[in-house]
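Start counting the sequence shown at 2; every next residue gets the next number (this note's numbering). Quick notes on the structure that follows.
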Amino acid sequence: MKPVTSFLPAFVREAAKDESAAFLCLCEFWPRIVGEDLARKTFPLRLIRKELVLEVAGESWRSELAEIRSMLIHSINAFWRRELVERITFTVRPSN
C-alpha cells in the first residue's frame, strides 16, 4: 500500500520542508494523520525545532496521549516521509 503522502501534490511536500509551511500543512492534514476521532480531541498549536505542541481536550487525554507519544511521532513522520517531529508536548485546552 502506498503512503498517504504519495497522493499529496509534490508542491505540498516541497513546501513542507520549511518548518512553518510544514506546520500549516500538518494542521490541514491532522485528521488524516491521526484519525477523525483523535483529531476532535487534539490540535497542533506549534512546531518549533521539531517539537510539536498539541492542545488536548483534558488532563485524561494528556495522560492517554503521553502513553502513545512515540506512535504519534511515528505516524506524523511516516505521513511526511521524513523526520518532521522528534518530540511532542501536550497542553490542556482551557475550559470555556
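By construction, the Cβ of each residue, glycine as well, lies at the ideal position given by its N, Cα and C atoms. Everything numeric in this text was worked out from a predicted model, so none of it was measured.
Rounded to the nearest whole angstrom, the C-alpha separation of S61 and P32 is 20 Å. A Cβ-Cβ contact shorter than 7 Å links F91 with R63. Secondary structure of R88 (DSSP, three-state): strand. When C-alpha distances from S21 are compared across R94, L85, T43, the shortest belongs to L85. Comparing alpha carbon positions, the residue from A23, L25, L66 closest to K42 is L66.
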